Amino acid sequence: MNVPPICPLIFYRDARAGLDFLERAFGFETRMVVDDGKGGVIHSETVFDGMVVMVAGPPPENYASPAELGGRATASICVQVKSGVDALCERARAAGAVIVREPSDQAYGDRTFGCHDPEGHAWFFGQEIKQMSADEMAKATGRKITAGLEG
Amino acid sequence: MSSPFTPVVFYKDPMAALRWLEKAFGFETSLLVTDDDGNVGHAEMSFGEGRVGIGGEWGAADRIGPARMRSPASLDGQGTQFIRIELASGLDAHCARAEAAGARITQRPEDQFYGARVYRALDPEGHVWNFDQAIAQVSNADMEAASGLKIATALPGD
């Protein structure tokens, strides 16, 4: 189990409830919880498919849970799964996730669903159904797709 | 091993963010999706084996759901995450490069009790980037002794 080289830490008002939800809804497994001495969590690590995301809360100064910002958030998390994206959506729904995009095939070759956790963090899960090049994606989506910045 | 996770962070000006993140942190734009007007629909940057997504703020009605994605610059500097990035080496030089590019360094490079040297920077729109470089392997017991914190390896009841 590794911490990926770029790893998000997301803030919850109630980090333990957040961790519990991630386990029930998506199948994460909590491997480390560092208590802040006041009932909160200053750091934790929870594992999905061998990789870690970090959770903490209540948020310190200059940070907030989406629940404290009227549902607004400054990040989302995309998760690529190898299989079972529809079953995962049903598991998440049963655990109380708010499904904001039902499982559907996307023009760029993934089947995806999107949901909010109980504090409003946005999670998007995708499973590749068709391998596509950037050119093929551009054609299918009508967008311009490049592999780098110009100029 | 590649990670299943791509954190996506949101900006008022995602194109400027892409340029700044390349200059300040050495990220590379690996995927850029734009519409006919040149607006960024979605972008991905790579840094070593790591990946991060860059997006523009979501408008009120044109996107799914109530989780409206915003830049910290639109939320009085508040963020709902920070991004931790592992460096193999050169942490102090990386910090100097970031600062020269205009990063606001909120925590200077410093050794931490958990076995990493860490610095923390704000980008121009206020996202927090936490860079760390491993300097020692520290057991949970040693971390508890050094910090006075209590460390568990599962949620109670698991």
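Just so you know, the protein sequences line up as chains Y and U, in that order.
Following this note's numbering, the numbering of the first sequence begins with 1 at its first residue and continues without gaps.
Following this note's numbering, the numbering of the second sequence begins with 1001 at its first residue and continues without gaps.
Each residue gets a CB set at the ideal place from its N, CA and C atoms; glycine is no exception.
Quick caveat, the model's predicted, so the values are computed rather than measured.
Beta-carbon contacts of residue i that lie in its chain and below 6 Å, excluding the five residues immediately before and after
i          : result
Val79(Y)   : Phe125
Arg1104(U) : Leu1122
Tyr1011(U) : Ala1017, Ser1071 and Glu1125
Three-way DSSP call (helix, strand, coil) for residue i in this model
i          : result
Met1(Y)    : Residue confidence is low: Met1(Y) scores 46 on pLDDT, short of 50, so the model does not pin down where it sits. Its coordinate-derived value is still stated next. In the structure shown, Met1(Y) sits in coil (DSSP, three-state: anything other than H, G, I, E or B).
Ser104(Y)  : strand
His43(Y)   : strand
Ala1103(U) : coil
Ala1121(U) : strand
Leu19(Y)   : helix
Trp1020(U) : helix
Met132(Y)  : coil
Asp1092(U) : helix
Ala64(Y)   : coil
Nearest-angstrom beta carbon gap, residue j and residue i [assumed within contact, 8 Å]
i         : j        : result
Phe113(Y) : Ile99(Y) : 6 Å
Sequence-distant residues of its chain with Cβ nearer than 7 Å to residue i (five each side left out)
i          : result
Ala1134(U) : Gly1115 and Ala1116
Ala1154(U) : none
Leu22(Y)   : Phe28 and Thr46
Met32(Y)   : Ser44 and Glu45
Ser1147(U) : Phe1113
Residue i, enclosing beta strand (DSSP E) - first and last residue
i          : result
Gly123(Y)  : The amino acid occupying residue 123(Y) in the given sequence is Trp; Gly does not appear at that position. First-last of the beta strand (DSSP E) with Trp123(Y): Ala122 to Glu128.
Thr1006(U) : Phe1005 to Tyr1011
Glu1144(U) : Taken as a continuous stretch (DSSP letters only), Glu1144(U) belongs to no beta strand (DSSP E), being part of the alpha helix (DSSP H) at Asn1140 to Ser1147.
Sequence-distant residues of the same chain with beta carbon closer than 8 Å to residue i, five excluded per side
i          : result
Asn1140(U) : Ile1151 and Thr1153
Pro1007(U) : Val1052, Gly1053, Gln1081 and Ile1083
Residue span of the alpha helix (DSSP H) that contains residue i, given as start and end
i          : result
Val85(Y)   : Val85 to Ala94
Ala75(Y)   : Run containing Ala75(Y): none in the alpha helix (DSSP H); it sits in the beta strand (DSSP E), Ala75 to Val81.
Ser1030(U) : Careful: Ser1030(U) lies outside any alpha helix (DSSP H), inside the beta strand (DSSP E) at Glu1028 to Thr1034.
Near-chain U residues of the region 81-92 of chain Y - C-beta to any C-beta below 8 Å: Val81
Where the region 1045-1059 of chain U meets chain Y: residues whose CB sits under 7 Å from a CB there: Phe1047, Gly1048, Glu1049, Gly1050, Arg1051, Val1052 and Gly1053
Interface residues of the region 121-134 of chain Y facing chain U [CB-CB below 8 Å]: His121, Ala122 and Ala134
Residues of the region 64-75 of chain Y whose Cβ lies closer than 9 Å to any Cβ of chain U, in chain order: Ala64, Ser65, Pro66, Glu68, Leu69, Gly70, Gly71, Arg72, Ala73, Thr74 and Ala75
Chain B contacts made by the region 1077-1092 of chain U, where a contact means CB separation under 7 Å: The structure shown contains no chain B; its protein chains are Y and U.
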